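>
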Amino acid sequence: MTDRFPGSPRPVPSVDGDLRDWDARTYDRIADPMARWGADVLGRLDLEGDERVLDAGCGTGRVTEQLVERLPRGRVVALDGSPAMLAEARRRLGRFLDRVEFVAADLGRPLPVAPPVDALLSTATFHWVLDHDALFRNLAAGLRPGGQLVAQCGGAGNIAAVLEAARETGEAWPGPWVFPRPAETRRRLEAAGFVEVRTWLQPEPTSLEPGEPLETFLAAIVLREHLARLRPAEGRAFVRAVVGRLARPEIDYVRLNIVARRGGRAPPAERRTSRAQRPSGGFRQRPAAQRRPSWAAGLPRAELRPRPISSPVSSPRDTPRSDRAAGARPPPDFGTFAPSGQTVRPARMRLRPAVRTAGPGCHRPGR
Ligand SMILES: C[S@@+](CC[C@H](N)C(=O)[O-])C[C@H]1O[C@@H](n2cnc3c(N)ncnc32)[C@H](O)[C@@H]1O
Numbered sequence: 007m008t009d010r011f012p013g014s015p016r017p018v019p020s021v022d023g024d025l026r027d028w029d030a031r032t033y034d035r036i037a038d039p040m041a042r043w044g045a046d047v048l049g050r051l052d053l054e055g056d057e058r059v060l061d062a063g064c065g066t067g068r069v070t071e072q073l074v075e076r077l078p079r080g081r082v083v084a085l086d087g088s089p090a091m092l093a094e095a096r097r098r099l100g101r102f103l104d105r106v107e108f109v110a111a112d113l114g115r116p117l118p119v120a121p122p123v124d125a126l127l128s129t130a131t132f133h134w135v136l137d138h139d140a141l142f143r144n145l146a147a148g149l150r151p152g153g154q155l156v157a158q159c160g161g162a163g164n165i166a167a168v169l170e171a172a173r174e175t176g177e178a179w180p181g182p183w184v185f186p187r188p189a190e191t192r193r194r195l196e197a198a199g200f201v202e203v204r205t206w207l208q209p210e211p212t213s214l215e216p217g218e219p220l221e222t223f224l225a226a227i228v229l230r231e232h233l234a235r236l237r238p239a240e241g242r243a244f245v246r247a248v249v250g251r252l253a254r255p256e257i258d259y260v261r262l263n264i265v266a267r268r269g270g271r272a273p274p275a276e277r278r279t280s281r282a283q284r285p286s287g288g289f290r291q292r293p294a295a296q297r298r299p300s301w302a303a304g305l306p307r308a309e310l311r312p313r314p315i316s317s318p319v320s321s322p323r324d325t326p327r328s329d330r331a332a333g334a335r336p337p338p339d340f341g342t343f344a345p346s347g348q349t350v351r352p353a354r355m356r357l358r359p360a361v362r363t364a365g366p367g368c369h370r371p372g373r
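Quick note on numbering: the sequence shown equals residues 7 to 373 in the numbering used here.
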């Protein structure tokens, strides 16, 4: 091992109330995998077209845009902690401004969303919020009784091979995320007041073009918080060193799917059963002979549900090579990935609660 990246000159980022802003332009350009997964997740949301729906962690609005299109008579609350992401989302959703509220808020804190929304969507975001008990409490409080929560985020085993490659370069920091298991997430959701909870893992190994596209994807999304701890020149070398240790130009994504309903009294007519929640509908059976991926070793079978039929099943193999590589070491200590150290003040913003940034009807509380 020749290249190491010890002694970062910059403090370790913390997401405890402080969120690092994103390079939203770059994210918007390269987040095709997230937009594709988001379309599948959105497909699980039962909508009549007139509801008010919150997109929790809307990013640049690529999935939000698909959501608004499914709500011709409804409204969308586009919430995110990053001003740059919200600005980009506002640009993308320009033709829908009469039906979209933009809210800058931290999902780890009580949500400035009133009245409660009819449904909640979230894609590629929850793993950035460390305290899932608080997250689910906040979501439940912002959702009307009987309302649906449909979400997807990083789950157990997510990017294990990438993190292993980073470790081999001497970077032992596991990142600022939580990649929970389905069972613990189900328990947390139920404790927060959700019912009819379904959670399952979905491997999504994602191939990227080698060279600049793969390096940019890693630098702007997967390893962005690692790079924030390094000087720019070190960051470039770090990304190349990680790429050099990957078995193939592929990111071993594992997604955690969530479908649930907020408990409490709801008018019977509103208690529609979603496709994903019907006893047999929406899921196809995994062939008996199918091999259990090694990243799933140790996980109860119930946590590895078949993919919903609506998924295009983009995973090229039942057992991705990178997952096999990831399986060579014990599964991560889920739920305990917490950064230590101080906040990097200049690169961050501290969110004021309940700041609505744009759109008709948006306001700054207290004004
Ligand atoms: C990978 S992006 C996903 C964006 C979009 N949902 C998509 O699928 O493309 C994650 C988003 O979560 C937001 N985010 C992360 N932690 C957050 C928090 N605690 N509160 C609000 N937003 C947060 C980030 O600002 C970012 O826009």
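Glycine included, every Cβ here is placed at the ideal spot set by N, Cα and C. Everything numeric in this text was worked out from a predicted model, so none of it was measured.
#1: If we ignore side chains and look at the alpha-carbon of each, how far apart do R192 and D137 end up?
#2: Quick check on the burial criterion: 16 or more other C-beta atoms within 10 angstroms. Buried or exposed for G38?
#3: Based on the DSSP output, what are the partners of G88 in its beta bridges?
#4: Kindly indicate the opening and closing residues of the alpha helix (DSSP H) around T191.
#5: Classify F108 as helix, strand or coil using the three-state DSSP reduction.
#6: Is I6 helix, strand or coil when you go by DSSP?
#7: In whole angstroms, what is the alpha-carbon distance linking T342 and V184?
#8: Starting from T205, follow its DSSP beta bridges and name the residues at the other end.
#9: R58 to L145, Cα distance in whole Å?
#10: Could you tell me the distance, in whole angstroms, from the CA atom of R26 to the CA atom of M91?
#11: Ignore the nearest five residues each way along the sequence and tell me which others in R79's own chain have a CB closer than 7 Å to its CB.
#12: Examine chain C for any beta-carbon lying closer than 9 Å to the beta-carbon of W206, and answer yes or no.
#13: Just checking, does the segment 95-104 make contact with the segment 117-137 on the three C-beta pairs under 8 Å criterion?
#14: Inspect the CB distances between the segment 160-174 and the segment 218-238 and report whether three or more fall short of 8 Å.
#15: How should D139 be labelled, buried or exposed, when 16 other C-beta atoms within 10 angstroms of its C-beta is the threshold for buried?
#16: Please confirm if the segment 151-170 is in contact with the segment 200-210, defined as three or more CB-CB distances below 8 Å between the two stretches.
#17: Ligand 1 and D46: does any heavy atom of the ligand fall closer than 8 Å to the residue's C-beta?
#18: Beta carbon of I165, beta carbon of Y33: below 9 Å?
#19: What would DSSP say about T212, mapped onto helix, strand or coil?
#20: Given 8 Å as the limit, tell me if S213 has its C-beta closer than that to any heavy atom belonging to ligand 1.
#21: For V201, count neighbouring Cβ atoms within 10 angstroms of its own Cβ and tell me buried if that reaches 16, exposed if not.
#22: Quick check: does the Cβ of A146 come within less than 8 Å of any heavy atom belonging to ligand 1?
#23: Could you pull out every residue in the same chain whose Cβ sits closer than 7 Å to the Cβ of E196, ignoring the five residues on either side in sequence?
#24: For my contact list, L60 and V74 are in at a C-beta cut-off of 8 Å; report their separation, rounded to the angstrom.
#25: Answer yes or no: the CB of G161 versus the heavy atoms of ligand 1, is any distance below 8 Å?
#26: Residues near ligand 1, CB to any non-hydrogen atom under 6 Å, in chain order?
#27: Taking P188 and L262 to be in contact with their CB atoms under 8 Å, please state how far apart those CB atoms are, rounded to whole angstroms.
#28: Which of the three DSSP states, helix, strand or coil, is assigned to F142?
#29: Taking only the alpha-carbon atoms, compute the straight-line gap between P89 and F108 and give it to the nearest angstrom.
#30: Run the CB neighbour count on P182, radius 10 Å, all protein chains shown included, and call it buried at 16 or more, exposed below.
#31: For I257 versus I36, is the C-beta spacing smaller than 9 Å?
#32: Using the beta-carbon count (16 or more within 10 Å), is G87 buried or exposed?
#33: Which residue marks the beginning of the beta strand (DSSP E) containing P238, and which one marks its end?
#34: Could I get the ranges of all uninterrupted beta strand (DSSP E) runs contained in the segment 29-91, with 3 residues as the minimum, in chain order?
Inspection of the coordinates gives the following:
#1: Looking up residue 192 in the sequence shown gives position 186. Looking up residue 137 in the sequence shown gives position 131. Looking at the two C-alpha atoms, the distance is approximately 14 Å.
#2: Along the sequence shown, read from residue 1 onward, the residue named residue 38 stands at position 32. Just to set this straight, residue 38 is Asp in the shown sequence, not Gly. So D38 counts as exposed.
#3: What you label residue 88 is simply residue 82 of the sequence shown in a count that begins at 1. Here residue 88 is Ser; the residue named in the question, Gly, does not match the sequence. S88 is not bridged to any residue.
#4: Within the sequence shown, residue 191 is the residue found at index 185, counting from 1. Run containing T191: 188-197, per the alpha helix (DSSP H) assignment.
#5: For the purposes of this step, residue 108 is taken as residue 102 along the sequence shown, with counting starting at 1. Reduced to three states, the DSSP call for F108 is strand.
#6: Look at the range of the chain in this structure, 7 to 373, and you will see that residue 6 is not part of it.
#7: The residue labelled residue 342 in the question sits at position 336 within the sequence shown. The residue labelled residue 184 in the question sits at position 178 within the sequence shown. Any reading at T342 needs caution, since the residue's pLDDT is 23, under 50, leaving its predicted position unreliable; the model's value is listed next. C-alpha separation (whole angstroms): 7 Å.
#8: For the purposes of this step, residue 205 is identified with residue 199 of the sequence shown, where counting begins at 1. Paired residue(s): I264.
#9: Here the question's residue 58 lines up with position 52 in the sequence shown. Here the question's residue 145 lines up with position 139 in the sequence shown. About 14 Å.
#10: Numbered from its first residue, the sequence shown carries residue 26 at position 20. Numbered from its first residue, the sequence shown carries residue 91 at position 85. Cα to Cα, R26 sits roughly 11 Å from M91.
#11: By 1-based counting over the sequence shown, the position of residue 79 is 73. Around R79: G55, D56.
#12: The chain labelled as chain C is not found in the depicted structure, where only one protein chain is given.
#13: no
#14: yes
#15: As a position in the sequence shown, residue 139 is number 133, starting the count at 1. Exposed, since its Cβ has fewer than 16 Cβ neighbours within 10 Å.
#16: The segment 151-170 and the segment 200-210 touch, with no fewer than 3 CB-CB distances between them shorter than 8 Å.
#17: What you label residue 46 is simply residue 40 of the sequence shown in a count that begins at 1. It does not: the Cβ of D46 is nowhere closer than 8 Å to a heavy atom of ligand 1.
#18: Indexing the sequence shown from 1 puts residue 165 at position 159. Indexing the sequence shown from 1 puts residue 33 at position 27. In this structure, I165 keeps its C-beta atom at 9 Å or more from the C-beta atom of Y33.
#19: As a working note, residue 212 is residue 206 in the sequence shown. Strand.
#20: Working through the sequence shown from its first residue, we reach residue 213 at position 207. Not so, every heavy atom of ligand 1 lies at least 8 Å from the Cβ.
#21: Position 195 of the sequence shown, counted from the start, is the residue given in the question as residue 201. By the beta-carbon neighbour count (other beta carbons within 10 angstroms, threshold 16), V201 is exposed.
#22: In the sequence shown, the residue the question calls residue 146 occupies position 140. No.
#23: Here residue 196 refers to the residue found at position 190 when the sequence shown is read from its first residue. Only V203 meet the Cβ criterion.
#24: Along the sequence shown, read from residue 1 onward, the residue named residue 60 stands at position 54. Along the sequence shown, read from residue 1 onward, the residue named residue 74 stands at position 68. Going by Cβ atoms, the distance from L60 to V74 rounds to 12 Å, so no, they are not a contact pair.
#25: Residue 161 sits at position 155 when you count from the first residue of the sequence shown. False, no ligand heavy atom lies under 8 Å from that Cβ.
#26: L25, W28, A37, M40, G44, G63, C64, G65, R68, V69, D86, G87, S88, M91, D112, L113, G114, T129, A130, T131, W134, V135
#27: Taking the sequence shown and counting its residues from 1, the one referred to as residue 188 is at position 182. Taking the sequence shown and counting its residues from 1, the one referred to as residue 262 is at position 256. Yes, P188 and L262 are in contact; Cβ-Cβ is about 6 Å, under 8 Å.
#28: Along the sequence shown, read from residue 1 onward, the residue named residue 142 stands at position 136. Three-state DSSP puts F142 in a helix.
#29: Looking up residue 89 in the sequence shown gives position 83. Looking up residue 108 in the sequence shown gives position 102. Pairing P89 with F108, the inter-Cα distance amounts to about 10 Å.
#30: Translated into the one-based positions of the sequence shown, residue 182 becomes position 176. Around the beta carbon of P182, a 10 Å sphere encloses 16 or more other beta carbons of the protein chains shown; the residue is thus reported as buried.
#31: Position 251 of the sequence shown, counting from 1, holds the residue named residue 257. Position 30 of the sequence shown, counting from 1, holds the residue named residue 36. No, the pair does not count as a contact, with Cβ atoms beyond the cut-off.
#32: Stepping through the sequence shown from its first residue, residue 87 is reached at position 81. By the neighbour-count rule (16 or more Cβ atoms within 10 Å), G87 is buried.
#33: As a position in the sequence shown, residue 238 is number 232, starting the count at 1. No beta strand (DSSP E) holds P238; the alpha helix (DSSP H) holding it covers 238-251.
#34: 58-62, 81-86
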